[in-house]
Amino acid sequence: MVLPNCSTTSPMVDTAVGTLLALECGLGLPGNAIALWTFFRLKVWKPYAVYLFSLVVADLLLTTCLPFYATFYLTHRDWGLDLDTCQVLLFLLSFSRVVGVAFLAAVALDRYLRVVHPRLKVNLLPLQATWGISILVWLLLGALTFHSQFISTPAWNAAKCTSFYPVAKTSGITWQEGFFLLQLLLPFGLVVFCNSGILRTLQRRLREPARQPQLQRAKVLVAVVLLLFMLCFLPSALTSILVHILRGLGHCGVLRVVVHMANIAGSLTYLHSVLSPVLYCFSNRAFTHSYRKVLHSMRGRSRTTRAPSIDKDSCS
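Position in the sequence shown counted from 1, then plus 680, gives you this note's numbering.
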């Protein structure tokens, strides 16, 4: 990622990135643990719940890896474990991130088809087929991540466990960089398209004053999803493109600044594991019930009422 004789390390940036990663872990771990607990209490499963379950598992896997990555940056990139552990960590970070993004897009696409095109036969897929699709997504993205991480990287500085990016100057964009940009930009376009169509459809259907709260709830959900993508992924995609451009021009001073920005923006891509519980809470009352129950328990007012089953219609 860097040019010869162009150091891009900064203790201040490393501390900032490590602190941000630690905060993301501290906030994301309990939220996703509560969400996972909600699924184990469900009596009725629907296709929408299957995609959300995969999203929760991916986010939980990501947050469990973040303490190691945060420690790495807080110790100024002093990796105290062996090389194999470093490779496994970077693979799990990349894999859980791309799976989380994919199922965010899958949730948006599923809601779009059921709200905008409710008569399509794809909406009648049995639950077993939904599980099969989810497993295929996990396997496919696992294979692509493995190829990107270990096979197609031309000069990955694995001995230092430093970065997701290759460290050597290359003449063109690598498979690893292309896969990274594709996993961010393609789902973002899909999410924007699906949620825009959902809002237009709901605005036509929910014109009665009594149904305005339902419309407002849908608008909030769309705003949360779009904010999630824009805040977490667009800065990293843009800075990655800038790094590639400047790496070819050879301006070391400017490249150093952009690389620092890319490191911070890259840590923001893991922030979606913190914000996803907000998505769960707005998308269904079962999650809202679980979060409220935990809060009341922490205040000494634990409730014993049974949580409702996930109902996709409550999201529209």
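Cβ coordinates follow ideal geometry from the N, Cα and C atoms, glycine included.
- Counting other Cβ atoms within 10 Å of its Cβ, F720 stays below 16 and is therefore classed as exposed.
- Closest in alpha carbon position to V871, among Y792, L882, V693, V778, is Y792.
- A distance below 7 Å between beta-carbons, with the five flanking residues on each side excluded, links C705 to the following residues of its chain, in chain order: T743, L746, P747, A750.
- For the pair of segments examined, the stretch 725-732 was found to touch the stretch 810-824: the number of CB pairs separated by less than 8 Å reaches three.
- Burial is judged here by how many other beta carbons sit within 10 angstroms of a residue's own beta carbon; A890 has fewer than 16 and is exposed.
- Contact between L879 and V902 holds, with the beta-carbon distance rounding to 6 Å and staying under 8 Å.
- Within the model, the alpha-carbon separation for L700 versus N803 is close to 40 Å.
- For H952, the enclosing alpha helix (DSSP H) stretches over residues 952-963.
- Your pair F868 and F826 does not check out as a contact, with CB atoms roughly 24 Å apart and the cut at 8 Å.
- Runs of alpha helix (DSSP H) with 4 or more residues, each lying fully within the stretch 684-745, are found at 691-720, listed in chain order.
- As the crow flies, the alpha-carbon of D758 is around 17 Å from that of V768.
- Counting only the Cα atoms, K801 lies some 46 Å from V697.
- Between F913 and L864, the gap from beta carbon to beta carbon is short of 7 Å.
- Contact annotation: the stretch 930-948 does not touch the stretch 961-979, with fewer than three C-beta pairs closer than 8 Å.
- Setting aside the 5 residues that flank it on each side, G946 is surrounded in the same chain by S916, each with a C-beta closer than 6 Å to its C-beta; the list follows chain order.
- Residue burial is scored here from C-beta neighbours: I925 has fewer than 16 other C-beta atoms within 10 angstroms and is therefore classed as exposed.
- Burial is judged here by how many other beta carbons sit within 10 angstroms of a residue's own beta carbon; R884 has fewer than 16 and is exposed.
- S977 sits exposed, since fewer than 16 C-beta atoms from the chains shown fall within 10 Å of its C-beta.
- In the DSSP annotation of this structure, the continuous segment of the alpha helix (DSSP H) that includes F826 starts and ends at 807-826.
- Burial is judged here by how many other beta carbons sit within 10 angstroms of a residue's own beta carbon; P957 has at least 16 and is buried.
- Taking the CA atoms as reference points, F859 sits about 25 Å from H931.
- Residue burial is scored here from C-beta neighbours: G780 has at least 16 other C-beta atoms within 10 angstroms and is therefore classed as buried.
- Residue L716 holds the alpha-carbon nearest to the alpha-carbon of A738 among L716, R972, H940, R927.
- The beta-carbon separation of N712 and V736, rounded to 6 Å, stays under the 8 Å limit for a contact.
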